[in-house]
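Working notes for the structure below.
4 protein chains.
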Amino acid sequence: MTVRFGLLGAGRIGKVHARAVTGDAGARLVAVADAMPAAAEAIAAQYGCAVRSIESIEAADDIDAVVICTPTDTHADLIERFVTAGKAVFCEKPIDLSLDRVKACLQVVRARKGRLMVGFNRRFDPHFRAVRAEIDKGSIGAVEMVVITSRDPGAPPVDYIRRSGGIFRDMTIHDFDMARFLLGEEVSEVVATAAVLVDPAIGAAGDFDSVQVLLKTASGKQATISNSRRATYGYDQRIEVHGAKGLVSAENQRPVSIEVANGAGYTRPPLHDFFMTRYTEAYAAEIAAFIAALSAGDAAAPSGEDGLAALALAEAALKSVAEGRVVKMSEIL
Amino acid sequence: MTVRFGLLGAGRIGKVHARAVTGDAGARLVAVADAMPAAAEAIAAQYGCAVRSIESIEAADDIDAVVICTPTDTHADLIERFVTAGKAVFCEKPIDLSLDRVKACLQVVRARKGRLMVGFNRRFDPHFRAVRAEIDKGSIGAVEMVVITSRDPGAPPVDYIRRSGGIFRDMTIHDFDMARFLLGEEVSEVVATAAVLVDPAIGAAGDFDSVQVLLKTASGKQATISNSRRATYGYDQRIEVHGAKGLVSAENQRPVSIEVANGAGYTRPPLHDFFMTRYTEAYAAEIAAFIAALSAGDAAAPSGEDGLAALALAEAALKSVAEGRVVKMSEIL
Amino acid sequence: MTVRFGLLGAGRIGKVHARAVTGDAGARLVAVADAMPAAAEAIAAQYGCAVRSIESIEAADDIDAVVICTPTDTHADLIERFVTAGKAVFCEKPIDLSLDRVKACLQVVRARKGRLMVGFNRRFDPHFRAVRAEIDKGSIGAVEMVVITSRDPGAPPVDYIRRSGGIFRDMTIHDFDMARFLLGEEVSEVVATAAVLVDPAIGAAGDFDSVQVLLKTASGKQATISNSRRATYGYDQRIEVHGAKGLVSAENQRPVSIEVANGAGYTRPPLHDFFMTRYTEAYAAEIAAFIAALSAGDAAAPSGEDGLAALALAEAALKSVAEGRVVKMSEIL
Amino acid sequence: MTVRFGLLGAGRIGKVHARAVTGDAGARLVAVADAMPAAAEAIAAQYGCAVRSIESIEAADDIDAVVICTPTDTHADLIERFVTAGKAVFCEKPIDLSLDRVKACLQVVRARKGRLMVGFNRRFDPHFRAVRAEIDKGSIGAVEMVVITSRDPGAPPVDYIRRSGGIFRDMTIHDFDMARFLLGEEVSEVVATAAVLVDPAIGAAGDFDSVQVLLKTASGKQATISNSRRATYGYDQRIEVHGAKGLVSAENQRPVSIEVANGAGYTRPPLHDFFMTRYTEAYAAEIAAFIAALSAGDAAAPSGEDGLAALALAEAALKSVAEGRVVKMSEIL
């Protein structure tokens, strides 16, 4: 069975997903929609698909699934419309910045028995997947502590920061999902510290640029997340998972792995400087997983509930910073 | 000038310091005292020094300085006696497990204008020193985040745990000192999570075996400490310091750095399995620094106040766990 | 300008090049030919191109360039036919196993002012390219010594060995090209040792499986090549280049870079186990370079003369082993 | 039993051995001799031993063993004198620069049933020892190829070069010994290339500064040695041993293992810049091994015959360079 796709949104991330869909033997890109006709036409020309309106894709008989890459504030509405129209939905994270809106959206998905996968692409990074596979194989015994380092090469424009929902909802949310993916048990308590160290303008916009979060589950498993909007040496994305029998970790990735040695020492090049080159394989693999799940009739993960859970952790972290205390997840959800 | 030493305590750590003193061209080991005569005699035989009582060393004209390696509950008393006797004092950490007792002791030291150095040996590890040197050189710009990983190969006997003052005062205290050493600014807030994951007997003794701590300074600098009483792969001692211009980190150390590659992959040997082999160079270097400071008439660091500050952070972490909230250091000191 | 391609040979490597051509915005795959119709048809179906005979591609007006992926013993004939037909030619290495046949072929290419690029794909590996770029930037000063390690995960079937021209012409030839690429000066002397350590059947077929080669240029620059048909830990492909001012090296590559640590030590997964996954990026980049050279009207490198030079080094190595002496390249070419 | 030592030669390496002897519980340094009285007196003062003449040590009843650290041209004579005097002898390498002189000396040793250990200290480096231990444990199966990289931070003075016997006898000799130590089978063939790339003055003195050597055993095992008198990044000392079942390698060593990351990349400090800091542990361990062998009544290795074999390989390499051919060891010994 070939899964027939409509693409909603032809921007930067839309192009990435267009390539992934067309490169998958089990899928076909049928149509693309975008508020900017030129963007949609460029993708249509490159991959030989049609340009259509969102309404037309919604009503189409020749489309089984959509990939939603439109602006964040349209995600929840589009998910509801397309699951109602009977399409399987892959939606870029986040579903929405409001916890209540996400809950309402997921109720619609459940009511319609819709199929929804959320774009937490990092679960599909081959290195992080391999970390999880080692846990599943029992290589490290019962998981005890997860340590996530996630630092961006540089801060986004303050204008973006303002619309982003803040660092916990925008950046840490990936790490919250990763912590859940690796802990294997729901988080029950959250505590965070936050500061503005990189750019005062970020503080002026009401956000933070340097945060650290501790998570704890009911059985005592723990996770640490360390975030910064600044890393001069590139896109710092590391994971380590400590278990009763050992440790598994994923190293940073660089585009070129050479080393120059001289009187100043041994120097390797900086890391990737952009999330789209760092996670190239992950973007392709998440779409492949979505297609494979649809083809097999399986549930696609990460689900809408995973999206909700990560957002709830962001809410808890914000509340922890505001109130200077440990926040129980039972206060949030 | 040769500094003439008396050694108080001839146990495991006493032997290490005896070797350091005798190996230093600027010092001479004159006498050793221990409640167990055989222990003192063994050191006396090996290094050609005298066995004396503590009282005799206290009264001796031919001794300028002492190294206190006796049980923890004698430290504060001995510090007071020996600074009163006009000797320079190097004391193993901690000064005492009680914050009040430490404060009282330091008042005596100040009143007597005594010279006191506390044995936070890790400041003298060549790798950690080099991390600090890079900070001082400006290699990473202003410090923003310190990440300390400190995991023991295995838990000590529960009997030891009971007398230890708990993991924060016994184990994390080294990391509190290291965080202060690297942050370059006093910590103002502490929050911690703690769990029993390694051994229920540790929990039964009222202690934890797996803890994580966040520290924050007034200007927003942050530090994370991750501790466990278990690390199957050896003594895990890593530091990374993120600054405005870059990152400096110290890797783990292993006794032998070979690698075997075959169908199972590439395998390097485990790390050091014992703090005394991991920190061999640090133990020698701290005594050398004490001797150098005495010879030069300089203040010896880390000072008694450093010992107090680290203990206060342990108190704050304990309070944070007990009350589930961020604790301000102004509540403790 | 779009370069229109014919593909000669639809086997394993043909498929790789088909993907590279179709994925390049500057090119179009027009037709494919193969003695096995099913193989050609599979590629035609996947990429929407025609199946044609070799003769038809030779005569076609709508084809500018061909990629030759047919068996080795057809390469020289096809190069001559297609340069005569006015097509640009990319030919998989080697041009031929006979030095004389290569020389004759290149005379035809020159006479016809043909455009010929030879598939030494490793020059296009991003890591090795970066090594060369550091040399060109002057990072290591004048090149003095090149060290090439090239070990295959396992020996090919003896049947392949028999047709391969032997290890120097089949396997080391890549390293000879790499040495020339990095030395920046022609080799003047060759000496080699060779042994059968992996499989006596290889010896029975008149070949070796474990060889080491020293190369020297007129000015004294040196290169070492170490080859084996066996590497249990994966596809071992390392380069180091020592210069007057420093060293630049390229590390091995593995598909997944995680590490598991436990009582047995720290283990990273094996390397790539197959040249086609190890050199995925290189295969795409060499075709892109060919297309770019054609579009720009530049000479495409590595050239036919590069192919000849590498084969001549293989001849010299064979002669060195046979005669137990240093062979001067002036004896060969 | 305590082994009582005389030290012949109180220069740089003499001091290293004095420290090793005095630090060993099984030994005592009784006397030191040196043509320069001040040098001998300095050691005597530091370690509390006597200054004596060589003749007096030769005749002494209270001395069981000597360590010979005098100039190279006195080694063979002193070995003969002291084995004749019934002392066990540890002699710094080389025994002599002349193969004939070494053979004659070893005949005396054998005739006197003398005990002689030669100072190939690298066998005692903990990392290289661990490589050998993995071979002995069978971790890599039968040894097939040994790759030795040995590059000095800088060239010695030309005056030293002139007296050194040339790079093969002075520098490569360590690597010849290491190759023998790791191959586990005698070398039967040698071929080498040599050049002057670092300093023309070395060439003017009749020596080379950049050499590469291939060794082969009767069964086809191979070794490569790569030497240079220049390495801007420090003292480059690497070993890899490939076997039928895997690879074992020893990494380079640096005094401090930190890493600084910024926009220029990830930089670790240079390696050790001096053989005495690189091989600190090896120097202590070789003397400990000598003492242990004497105490146990075992043969001390590496033996005089090991010294002869390494020198013979140097002769063969020189002959290979001179004659441009593979030299069989049967031509030399």
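Residue numbers (the working numbering), protein chains in the order written: chain A, 6 to 338; chain B, 6 to 338; chain C, 6 to 338; chain D, 6 to 338. Even for Gly, the Cβ is constructed at its ideal location relative to N, Cα and C.
- Nearest neighbour of C/P205 by Cα position, chosen from C/K142, C/R234 and C/V195, turns out to be C/R234.
- D/E194 and A/K250 have their C-alpha atoms spaced approximately 49 Å apart.
- For D/H22, the closest alpha carbon among the candidates D/A297, D/A327 and D/A293 is that of D/A293.
- When 8 Å is used as the limit between beta carbons, D/S144 is near these residues of chain B: V265 and N267, in chain order.
- Looking from the CA of C/E191, the closest CA among C/A266, C/L121, C/A315 and C/R33 belongs to C/A315.
- Looking only at D/A15, D/I296, D/V203 and D/A32, the smallest Cα-Cα distance to D/A40 is reached by D/A15.
- When secondary structure is reduced to three states using DSSP, A/N126 falls in the helix class.
- Contact residues of the stretch 194 to 211 of chain B toward chain A are E194, V196, A197, T198, A199, A200, V201, L202 and V203 (C-beta to C-beta distance below 9 Å).
- Within the same chain, Cβ atoms closer than 6 Å to the Cβ of B/M150 are found at Q227 and H247, the five residues on either side in sequence being excluded.
- Within the model, the alpha-carbon separation for D/M176 versus D/L12 is close to 24 Å.
- Cβ proximity to chain D below 9 Å picks out S224, G225, K226, Q227, A228, T229, S231, S233, R235, A236, T237 and Y238 from the stretch 223 to 239 of chain C.
- Going by beta carbons, C/E256 and A/S262 fall inside the 7 Å limit.
- Separation of the CB atoms of C/R273 and B/Y238 is rounded to 13 Å, and the pair is thereby denied contact status at 8 Å.
- Note on geometry: alpha-carbon atoms of A/T154 and B/I153 lie some 13 Å from one another.
- D/S335 has its alpha-carbon roughly 11 Å from the corresponding atom of D/A223.
- Residue pairing for C/H247: DSSP places it in a beta bridge opposite C/M150 and C/L252.
- Excluding residues up to 5 positions away in sequence, A317 lie with their Cβ nearer than 6 Å to the Cβ of C/L338 in the same chain.
- Taking the C-beta atoms as reference points, A/A289 is found nearer than 7 Å to A/A25.
- Within chain C, the residues whose beta carbon sits less than 8 Å from that of A/V136 are I263, listed in sequence order.
- Boundaries for B/T89: no beta strand (DSSP E) harbours it, while the alpha helix (DSSP H) harbouring it runs H80 to T89, taken from the DSSP string.
- B/F87 and B/G31 have their C-alpha atoms roughly 21 Å apart.
- Using a Cβ distance threshold of 7 Å, B/A36 and B/C54 count as a contacting pair.
- The C-beta distance from D/D101 to D/A81 rounds to 4 Å, short enough to fall under 8 Å.
- Annotation: the stretch 125 to 205 of chain A contains the following complete segments of the alpha helix (DSSP H) (minimum length 4 residues), in chain order: 131 to 142, 163 to 168 and 178 to 188.
- Annotation for A/L188: V148, V151, T222, K226 and A228 place their beta carbon closer than 7 Å to its own, counting only its chain and skipping 5 residues before and after.
- Inter-segment contact for the stretch 158 to 177 of chain D and the stretch 124 to 132 of chain D is absent: fewer than three beta-carbon pairs are separated by less than 8 Å.
- When A/G329, A/L323, A/A306 and A/A319 are compared, the shortest CA-CA separation from A/V94 is found for A/A306.
- The beta-carbon separation of A/Y284 and A/N126, rounded to 6 Å, stays under the 8 Å limit for a contact.
- In this structure, the straight-line span from the alpha carbon of D/V72 to that of D/A209 is close to 35 Å.
- Proximity to A/K20 across A/D66, A/F10 and A/A45 peaks at A/A45, based on C-alpha coordinates.
- With the criterion set as a beta carbon lying under 8 Å from some beta carbon of chain A, the members of the stretch 269 to 301 of chain D are A269, G270, Y271, T272, R273, P274 and P275, in sequence order.
- Secondary structure note for C/K221: it is in no alpha helix (DSSP H), and the uninterrupted beta strand (DSSP E) holding it is S215 to T222.
- For secondary structure counted as the beta strand (DSSP E) over 3 or more consecutive residues, the stretch 8 to 53 of chain C holds these complete runs in sequence order: 8 to 13 and 32 to 38.
- For D/G208, the secondary structure class from DSSP, reduced to helix, strand or coil, is helix.
- At a cut-off of 7 Å between beta carbons, B/A32 makes no contact with chain D.
- For the C-beta of B/L12, not a single chain D residue is nearer than 8 Å; the gap to the nearest is close to 19 Å.
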